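So in my numbering the end of the sequence shown lands on 89, straight run, no missing numbers.
These notes are about the structure you will find just below.
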Amino acid sequence: MTTTIGWFDRRRREVFTCPACGWQGLLEAADSELFERSFLLVYRCPPCDGPLAHIPLPDEAEIRRAARRGDAEALEMIQDMERASE
Ligand SMILES: [Zn+2]
């Protein structure tokens with residue numbers, strides 16, 4: 004079973020264990036593939052290429068919720084969106 008975690012979930016920044024081979028590392032260090040049509044980011048395990056985690060891309064409401072919690076990345080994304088709409 005592949006874990007689905009939210010974009011702003013702190014597990015995204017923590018050490019992850021591959022359920023198939025036991026590899027441990029940060030998701031940032033793993034290979035990732037973006038499926039733009041399904042708005043999904045999929046991380047793959049470097050040694051065994053098994054799926055580690057599915058991360059659906061956040062919609063605007065989710066970004067705003069995370070920003071209200073003080074999530075630094077969400078605040079940055081909102082700034083980018085506001086710059087883009089100027
Ligand atoms: Zn693995």
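Even for Gly, the Cβ is constructed at its ideal location relative to N, Cα and C.
Nothing here was measured: the structure is a model prediction, and the numbers come from that model.
Hey, would you say the C-beta of ALA23 is under 7 Å away from at least one heavy atom of ligand 1? Within the sequence shown, the letter at position 20 stands for residue 23. Checking every heavy atom of ligand 1 against the Cβ of ALA23, one is found closer than 7 Å.
Residue environment, MET84, which counts as buried when at least 16 other CB atoms sit within 10 Å: Here the question's residue 84 lines up with position 81 in the sequence shown. By the 16-neighbour rule on beta-carbons within 10 angstroms, MET84 is exposed.
Leaving out five residues before and five after CYS48 in sequence, what residues of the same chain have Cβ atoms less than 6 Å from its Cβ? Position 45 of the sequence shown, counted from the first residue, corresponds to residue 48. The answer, listed in chain order, is CYS21, TRP26, LEU55.
Considering only DSSP beta bridges, list what THR20 is partnered with. Residue numbering aside, residue 20 sits at position 17 when the sequence shown is read from its first letter. Note: THR20 is bridge-paired with GLN27 in the DSSP secondary-structure output.
DSSP state of GLU36 mapped onto helix, strand, coil: In the sequence shown, residue 36 corresponds to position 33, counting from 1. Three-state DSSP puts GLU36 in a strand.
Answer yes or no: do ILE81 and ARG67 have a C-beta to C-beta separation smaller than 8 Å? By one-based count along the sequence shown, residue 81 stands at place 78. By one-based count along the sequence shown, residue 67 stands at place 64. In this structure, ILE81 sits near ARG67, with a CB-CB distance shorter than 8 Å.
Hey, would you say the C-beta of PRO54 is under 7 Å away from at least one heavy atom of ligand 1? Along the sequence shown, read from residue 1 onward, the residue named residue 54 stands at position 51. PRO54: no, Cβ never under 7 Å from ligand 1.
Under 6 Å Cβ to Cβ from ALA64, same chain only, skipping five residues before and after it: list those, please. Sequence index remark: in the sequence shown, residue 64 carries index 61 (1-based). If you ignore the 5 residues before and after ALA64, its C-beta comes within less than 6 Å of no other C-beta in its own chain.
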